[in-house]
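According to the UniProt record's numbering, the sequence shown is numbered sequentially starting from 1. Report on the following structure.
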Amino acid sequence: MQAVAGMNGRAAGARAATMRKQPAAATAAPRAAALRPPRAASTEAVTGPIIIDGQVLHSISAERLDIVKSLAPYVEDKVLPILKPVDKCWQPADFLPPSEDPDFLDKVQDLRKRASNLPDDYLVVFAGDMITEEALPTYMTMLNTLDGVRDETGASKTPWGTWTRAWTAEENRHGDIMNKYMYLTGRMNMKAVEVTIQNLIGSGMDPKTENNAYLGFLYTSFQERATKISHGNTARHALEYGDETLAKICGSIASDEGRHEIAYQRIMDALFERDPNGSMIAFADMMKKQIVMPAHMMDDGQHKSRTGRNLFADFSAVAERTATYTAHDYVSIMQFLIDRWNVADRTDLKGEAAEAQEYLMKLPPRITKLAERATARKKKGATSTFSWIFDREVTLH
1 MQAVAGMNGR AAGARAATMR KQPAAATAAP RAAALRPPRA ASTEAVTGPI IIDGQVLHSI
61 SAERLDIVKS LAPYVEDKVL PILKPVDKCW QPADFLPPSE DPDFLDKVQD LRKRASNLPD
121 DYLVVFAGDM ITEEALPTYM TMLNTLDGVR DETGASKTPW GTWTRAWTAE ENRHGDIMNK
181 YMYLTGRMNM KAVEVTIQNL IGSGMDPKTE NNAYLGFLYT SFQERATKIS HGNTARHALE
241 YGDETLAKIC GSIASDEGRH EIAYQRIMDA LFERDPNGSM IAFADMMKKQ IVMPAHMMDD
301 GQHKSRTGRN LFADFSAVAE RTATYTAHDY VSIMQFLIDR WNVADRTDLK GEAAEAQEYL
361 MKLPPRITKL AERATARKKK GATSTFSWIF DREVTLH
């Protein structure tokens with residue numbers, strides 16, 4: 001998983017403004033269903049959303065929950081085959097000097113020589129990407145909050161449970177190789193990175209998916225494509241800076257994310273086929289909230305007090321400036337999904353779904369204009385220090 005730049009740097013700070021407004025004294029629900037008193041989340045179907053600490057829970061209807069559950073055979077046939085057998089997957093050791101080799105230290109010196117050409121802004125973006133990947137426990141937890149698909153036992157044999165665990169296992173290699181490689185380069189303050197990882201996992205994430213599989217798989221459909229783009233660009237940049245091994249690492253990660261993207265989009269393909277109205281409403285809902293990226297709560301325990309700035313926002317700004325992941329990428333993903341799910345040409349929509357369709361069709365040019373205006377307003381030459389690179393200064397805009 002990966003963090004966004006540009007417009008979503010502000011999404012981290014504006015999450016509350018983009019979600020449905022909830023009065024302090026719970027006088028209205030985000031949908032027609034009445035509010036219920038706060039209670040523990042249940043694995044049973046609920047008839048409407050509940051609000052706990054301002055967060056919407058269990059918003060999926062019983063009818064749509066049944067649709068999600070009915071997809072299990074489809075997931076078995078069309079989604080699980082996207083996973084690779086373990087013996088066909090690359091492993092971190094494939095890219096690293098074998099520690100048992102007599103010339104291990106010489107190979108590490110070669111690695112360090114290659115990495116010495118990586119500029120600080122690249123290191124900041126790579127560190128942010130790595131920290132995001134290392135918070136994998138949070139993402140598995142998020143998938144297991146979704147009604148109708150969660151792994152109820154921790155070792156469930158359902159297609160949903162099998163997918164979540166195997167996806168997590170494939171993703172686990174990403175943070176592992178990135179962390180080990182950067183440790184060997186000697187270019188990063190690894191303790192500062194590790195503190196950020198622990199803080200991020202401890203803080204969690206709030207993607208506003210409401211335990212609703214429609215919203216959850218829209219989020220992952222978008223997010224995995226964003227990650228593929230970002231890692232693909234870090235691969236390209238590493239090659240430009242002369243580190244071919246690092247380029248292969250980032251490219252291999254991007255390839256994994258591309259497969260995972262397809263898997264989640266196939267799930268949404270099936271939901272659009274079975275329930276075009278509900279899927280369209282959910283798509284518009286997530287776009288109105290904006291896709292808050294999984295690392296939006298990152299904190300190194302220093303950045304805010306030293307600079308007065310938000311660490312995630314500054315990391316995102318560097319990613320934007322280096323063209324690793326930009327607001328225009330965000331728009332391109334949105335347009336890709338609009339095209340994939342044939343939003344423009346659907347004639348089988350009613351009421352709120354038709355309104356959602358109209359909203360989605362107008363959104364890409366609107367967001368493009370907002371991004372251009374935001375770029376024009378940015379203070380050119382603004383800088384910030386980052387603990388990840390020993391408090392060296394990096395240009396933000």
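Every residue gets a Cβ at the ideal spot worked out from N, C-alpha and C, and that includes glycine.
Residue i (DSSP reduced to helix, strand or coil)
i	result
T217	For the sequence presented, residue 217 should be read as Phe rather than Thr. Looking at F217 - three-state DSSP - the assignment turns out to be helix.
S384	strand
L146	coil
K191	helix
Y264	helix
R309	coil
Q223	helix
P97	coil
P159	helix
P207	coil
R259	helix
G251	helix
N117	coil
Residue i versus residue j - alpha carbon distance
i	j	result
residue 398	S279	Residue 398 is absent from the model: the chain starts at 1 and stops at 397.
K379	D110	39 Å
P102	V108	12 Å
L83	G308	43 Å
R392	E134	23 Å
T227	S255	10 Å
T220	P119	31 Å
R373	A323	17 Å
T141	I201	11 Å
P294	A115	27 Å
E210	D285	11 Å
A273	D77	Looking at the sequence provided, one finds Glu at residue 273 rather than Ala. Those two C-alpha atoms are separated by around 16 Å.
K131	D66	Residue identity differs from the one stated: residue 131 is Ile in this sequence, not Lys. The alpha-carbon atoms of I131 and D66 are separated by roughly 36 Å.
residue 431	G381	Since the first residue shown for the chain is 1 and the last is 397, residue 431 is missing from the structure and cannot be characterised.
Q302	W388	10 Å
Paired residues, beta bridge with residue i - DSSP
i	result
L57	I50
E393	T385
beta-carbon residue i near the ligand COA non-hydrogen atom, thresh 6 Å
i	result
A319	Questions concerning the ligand COA fall outside what the structure shown contains, since it holds no ligand whatsoever.
**Item:** Sufficient close CB pairs (3 or more, under 8 Å) joining the region 165-180 to the region 85-100
**Value:** As far as the Cβ criterion goes, the region 165-180 touches the region 85-100, which means the pair count is three or higher.
**Request:** Assess, as a yes-or-no matter, whether the region 224-241 is touched by the region 50-65 under the definition of 3 or more beta carbon pairs within less than 8 Å.
**Result:** The count of Cβ pairs closer than 8 Å, one atom from the region 50-65 and one from the region 224-241, stays below three, leaving the stretches out of contact.
**Prompt:** Between the region 187-194 and the region 213-233, do three or more beta carbon pairs fall short of 8 Å?
**Reply:** No: the two stretches stay apart, fewer than three of their Cβ pairs being nearer than 8 Å.
**Asked** Counting Cβ pairs, one atom from each stretch, are 3 or more of them under 8 Å apart for the region 347-355 and the region 147-159?
**Response** Counting Cβ pairs under 8 Å, fewer than three are found: no touch.
**Request:** Could I get the ranges of all uninterrupted alpha helix (DSSP H) runs contained in the region 289-337, with 4 residues as the minimum, in chain order?
**Result:** Runs of the alpha helix (DSSP H) spanning 4 or more residues and lying entirely within the region 289-337 occur at 303-307 and 311-321, in chain order.
**Asked** Touching or not, the region 354-368 and the region 326-333, by the rule of three or more beta carbon pairs under 8 Å?
**Response** With a cut-off of 8 Å, the region 326-333 and the region 354-368 count as touching, because enough Cβ pairs lie within range.
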